[in-house]
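Q:
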Amino acid sequence: MTEKTNQVPNLYALLIGIDCYMPNILPDGSYYKSLGGCVRDINHIEAFLKNTQKVPQTKILKLTASVNPDKPGQQQPVEPSEKLPTRKNIVDSFRKLGEIAPETAQIYIQYSGHGGRAKTVFPDIKGIGEIDEGLVPTDIGTSEGQYLRDLELAQLLKELVDKKLTVTLVLDCCHSGGATRGDAEIRGMNVEDDKPLLSTFEPVAPLEVLAATWQSLGGGTRGLKASGVPESRDYVLLAACRQNEYAYEYAFNRETRERNGALTYWLLDTLRQQNPGQTYKDLYDRIHAQIHSQFPSQTPMLLGEGDRLIFGTERVKTVFAVPVMKVEQTEIGEMRALLEVGQANGVTKGAEFAIYPRSTTDLTKKDNRVAIARIIQRGGTDSLCKLEAIAGKELKVEPGDLAVQIAVAASLVRKVSLLTQEGEQNKKALAALKAAIPGNGWVELDETRTAGDNGEGVDYFVEINNNYEFEIRDSGGAIFQNIKPTLKIDDPTAPEKIVKRLVHLAKYRAAKTIDNVDTDSPLSGKLAVEWMGTSDTYDRGDPIPALSQLQKFSDRTQPTVKIGDYIFLSIRNNSTETLNVAVLNFESDWSIQQIHPQKPTELFITLEPGKEEKIPLQPALEGEGNEVENTVKVFATKDRANFRWLELPSLDEEIVQKGFGRRSLNPLETLLAAIDGEQPITRKLTVAASPSREWTTKQVTLTITK
1 MTEKTNQVPN LYALLIGIDC YMPNILPDGS YYKSLGGCVR DINHIEAFLK
51 NTQKVPQTKI LKLTASVNPD KPGQQQPVEP SEKLPTRKNI VDSFRKLGEI
101 APETAQIYIQ YSGHGGRAKT VFPDIKGIGE IDEGLVPTDI GTSEGQYLRD
151 LELAQLLKEL VDKKLTVTLV LDCCHSGGAT RGDAEIRGMN VEDDKPLLST
201 FEPVAPLEVL AATWQSLGGG TRGLKASGVP ESRDYVLLAA CRQNEYAYEY
251 AFNRETRERN GALTYWLLDT LRQQNPGQTY KDLYDRIHAQ IHSQFPSQTP
301 MLLGEGDRLI FGTERVKTVF AVPVMKVEQT EIGEMRALLE VGQANGVTKG
351 AEFAIYPRST TDLTKKDNRV AIARIIQRGG TDSLCKLEAI AGKELKVEPG
401 DLAVQIAVAA SLVRKVSLLT QEGEQNKKAL AALKAAIPGN GWVELDETRT
451 AGDNGEGVDY FVEINNNYEF EIRDSGGAIF QNIKPTLKID DPTAPEKIVK
501 RLVHLAKYRA AKTIDNVDTD SPLSGKLAVE WMGTSDTYDR GDPIPALSQL
551 QKFSDRTQPT VKIGDYIFLS IRNNSTETLN VAVLNFESDW SIQQIHPQKP
601 TELFITLEPG KEEKIPLQPA LEGEGNEVEN TVKVFATKDR ANFRWLELPS
651 LDEEIVQKGF GRRSLNPLET LLAAIDGEQP ITRKLTVAAS PSREWTTKQV
701 TLTITK
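The letter at position 583 of the sequence shown is residue 583 when you use the UniProt record's numbering, and the numbering goes up by one with no holes.
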């Protein structure tokens, strides 16, 4: 970042780094071993805040546990006790931060260290046998030592938000650790700690307060959306990985061999290159691309207000685009890129994307494009593309750059036929419509059909009715419903509007028909989705009712819900893989909305093997008619995927530029071998060997009545 960076005088920070863990033992005999890069992470973040953001030392609270360089085997930190990240000191520092920071101040909190999993000490809130995830203080092995558990972290964050503070939280830790892998160290353990609590243990707030906070965050038995992180609503949260993944620390500097957390290293690298107007979503896209290219088993997570400006309070409209994950030049000099979009998103071989620099805030201007990417090999959630230069511009594409789809494969283009009619006025109107069709990328004119044909090969017919209005019919000749207002042929804007409607219908159809028909996929049949029942007494925020408390459907094959009532959707992961799940609603007004998770910056929830997600939904019925049918589609992937690219507004609303997915009509293609995890830095660009093995989808319908 340059010296012209805007100063943030109203920024306060709490920085926690733990390298040295005091002697400790877990139930299986393992222990939280000391780390090598956490304190360095915190020192580097502190230097950035002081030197670049001009934050005075008086506004920075810092707790560290450093290994004694003269006695590295000694499990005793060198810092004085009041500066150590013990459980008590961490909690006290959270609350001190709330005391010294004035209303509307910016709060930056970072924790670098081990994450842990333990048998819940809140069974009345979470349920018997559930798990707490949390931060592991340096004194975890002492009689006073205890985890700072997820419910408690949620409460401490809520206290800050309630004081009208703008909070950013970074967690560079994980809860699924294990053995060291090569030069990379893992921050976390894969053990569930079940040692009993001492009678002197005091949570950060009374149980009824913790329960209310957890419920307000949507917490259930699943609890966490990312590694050790309560689901956010009012703050930005950047976590190192999903709850079942690894958070690596690595010697990025080959000369000094000094370790840093992968998240912190790329966070600082990106912040130093920050451009005005960038959001936390922009920051995340580059961090994710850089980390995932080196450590495929680490997927950073962004939750909360990702549309907020970095170190700011303003929110900007989120535009979803496909991130560039990796760029490489082949032996013959051809430039290729790996985009994070694949079969699960409905794209096909031959689809084209415009590439924009990651700093671009307007993805609608062609002048901002730096390259064109065309898919040559498609994976489940990522695809290999050939890069082509734009005339007059240098071909320069980097990981973290943004890609917006500009053309679909030829097999996805829908055919439209204009039915010839008598009358000079009608002919003139159809000629104007014919002239408006070329160049939209989604529908093209088929002039070989006539009104007497059976419609085979044509997706849409357009004709003029007796009231001199345009009508759009399907391939069987039926008029599409809920297409209003009608457009008169004497309206000079009608041809353009009709083409937009045809494109909208084509996109809606493409998204709705995405399916994985590979019965040999290990995920085939492993995603269970069903409507549980309805309730006329449930209210938002109440615990999810038991199945026995719900009203049963009179016909389970045709579930019906009245407006005002709630209906409950059950999603169960019956596979042996941890899945990322998103739920989309296909509405009768031709809109597509992601309804779970709902926040624009939250792409999916993580569902572990054998776990169930129960979602309360309250349908609405707008406009004319007494009932309407809606389709709900659930997508599940093994890797990160963004299904918000499929979202559409209602018909005639302006479609925001984003990387939309499209339906696939072709069989699975032969793809390159899977990623070689042993050579994360020098490996070749690859996509998954069998894309259909990485994702699955299932849809259910319901009827909404008055």
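Cβ atoms here follow ideal geometry from the backbone N, Cα and C, with glycine treated the same way.
Using a Cβ-Cβ cut-off of 8 Å (strictly less than) and excluding sequence neighbours within five positions of Leu-402, which residues of its own chain qualify?
A: Cβ neighbours of Leu-402 beyond the five flanking positions: Asp-285, Ala-321, Val-322, Pro-323, Val-324, Ile-355, Tyr-356, Pro-357, Arg-358, Thr-360 and Leu-363.
Q: What is the DSSP secondary structure of Glu-133, counted as helix, strand or coil?
A: Correct three-state label for Glu-133: strand.
Q: Following the continuous alpha helix (DSSP H) through Cys-38, name the residue where it begins and the one where it ends.
A: It spans 38-51 - the alpha helix (DSSP H) in which Cys-38 sits, taken as one unbroken run.
Q: From Leu-569 to Leu-646, what does the alpha carbon distance come to, in whole angstroms?
A: Whole-angstrom Cα-Cα distance: 21 Å.
Q: For Glu-152, I'd like the list of residues in its chain whose CB is within less than 8 Å of its CB, leaving aside the five on either flank, ordered along the chain.
A: Only Val-91, Gly-134, Pro-203, Val-204, Ala-205 and Leu-210 meet the Cβ criterion.
Q: Check whether the Cβ atoms of Ser-143 and Val-39 sit closer than 9 Å, and answer yes or no.
A: Cβ distance not < 9 Å, so Ser-143 and Val-39 don't count as in contact.
Q: Please determine if the segment 594-601 and the segment 535-549 are in contact, where contact requires at least 3 C-beta pairs separated by less than 8 Å.
A: No: the two stretches stay apart, fewer than three of their Cβ pairs being nearer than 8 Å.
Q: Leaving aside the five residues before and after Gly-306 along the sequence, list all residues of the same chain whose C-beta is less than 6 Å from its C-beta, in chain order.
A: Hits under 6 Å: Tyr-280, Lys-281 and Thr-601.
Q: Between Pro-559 and chain C, is the shortest Cβ-Cβ distance under 9 Å, so that the two count as touching?
A: You won't find chain C in this structure, because it holds only one protein chain.
Q: Are the segment 546-555 and the segment 577-586 touching, with three or more C-beta to C-beta distances below 8 Å?
A: Touching, no.
Q: Just the Cα atoms here: how many angstroms apart are Gln-294 and Pro-545?
A: Looking at the two C-alpha atoms, the distance is approximately 44 Å.
Q: Please name the residue, chosen from Leu-419, Leu-11, Thr-631 and Glu-613, that lies closest to Lys-54 on a Cα-to-Cα basis.
A: The shortest Cα separation from Lys-54 among Leu-419, Leu-11, Thr-631 and Glu-613 belongs to Leu-11.
Q: Would you call the CB atoms of Thr-330 and Thr-560 closer than 9 Å?
A: No, they are not a contact pair.
Q: Name the DSSP beta bridge partners of Val-324, please?
A: Partner(s): Leu-339.
Q: On the three-state DSSP scale, how would you describe His-596?
A: Strand at His-596.
Q: Cutting at 6 Å between CB atoms, please list the residues of its own chain near Ser-417, excluding the five before and the five after it.
A: Around Ser-417: Asp-446, Arg-449, Val-458 and Phe-461.
Q: Is it right to say Asp-139 is buried, meaning 16 or more other beta carbons lie within 10 angstroms of its own, or is it exposed?
A: Burial call: buried.
Q: What did DSSP end up calling Arg-286 once you bin it into helix, strand or coil?
A: Correct three-state label for Arg-286: helix.
Q: Look up Phe-94 in the DSSP assignment and say whether it is helix, strand or coil.
A: Reduced to three states, the DSSP call for Phe-94 is helix.
Q: Can you tell me whether Ile-514 is helix, strand or coil according to DSSP?
A: Of the three classes helix, strand and coil, the one that applies to Ile-514 here is coil, per DSSP.
Q: Following the continuous beta strand (DSSP E) through Thr-270, name the residue where it begins and the one where it ends.
A: No beta strand (DSSP E) holds Thr-270; the alpha helix (DSSP H) holding it covers 262-271.
Q: Quick check on this structure: which residue in Lys-500, Tyr-147 and Lys-50 has the alpha carbon closest to the alpha carbon of Trp-590?
A: Looking at the Cα atoms, Lys-500 is the closest of the given residues.
Q: Three or more C-beta pairs closer than 8 Å, one from the segment 40-49 and one from the segment 257-273: is that the case here?
A: Touching, yes, given that three or more Cβ pairs across the two stretches are closer than 8 Å.
Q: Let me make sure I understand the geometry here. Which of Lys-88, Val-316 and Gly-116 has the alpha-carbon closest to that of Ile-25?
A: Among Lys-88, Val-316 and Gly-116, the Cα nearest to that of Ile-25 belongs to Gly-116.
Q: Does DSSP put Ala-154 in a helix, in a strand, or in coil?
A: Of the three classes helix, strand and coil, the one that applies to Ala-154 here is helix, per DSSP.
Q: Where do the ends of the beta strand (DSSP E) carrying Pro-616 lie?
A: 612-617 is the extent of the beta strand (DSSP E) around Pro-616.
Q: With a threshold of 16 other CB atoms inside 10 Å of the CB of Pro-123, please say whether the residue is buried or exposed.
A: Per the 10 Å Cβ criterion, exposed.
Q: Nearest-angstrom Cα distance between Asp-70 and Ala-528?
A: The alpha-carbon atoms of Asp-70 and Ala-528 are separated by roughly 56 Å.
Q: Can you tell me whether Ala-101 is buried or exposed, with buried defined as 16 or more other CB within 10 angstroms of its CB?
A: Under this definition Ala-101 is a buried residue.
Q: Are the beta-carbon atoms belonging to Val-236 and Thr-168 less than 9 Å from one another?
A: Against a cut-off of 9 Å, the Cβ pair of Thr-168 and Val-236 comes out as a contact.
Q: Would you identify the three-state DSSP class for Ser-81, choosing helix, strand or coil?
A: The answer is helix: DSSP assigns Ser-81 an H, G or I state.
Q: With three or more beta-carbon pairs closer than 8 Å as the criterion, would you say the segment 427-435 touches the segment 371-391?
A: They do not touch, by the three-pair rule.
Q: In the DSSP assignment, find the alpha helix (DSSP H) that holds Asn-466 and state where it starts and stops.
A: Here Asn-466 belongs to no alpha helix (DSSP H), and DSSP marks it neither H nor E.
Q: How big is the Cα-Cα spacing for Asn-630 and Ser-475?
A: Cα-Cα distance, rounded: 22 Å.
Q: Does the beta-carbon distance from Ile-375 to Ala-344 come in below 9 Å?
A: It is not a contact, given that the beta carbons lie outside the stated cut-off.
Q: Let me check understanding here. Comparing Cα to Cα, which of Val-78, Asp-536, Ser-588 and Glu-613 lies closest to Asn-573?
A: Cα-wise, what sits closest to Asn-573 is Glu-613.
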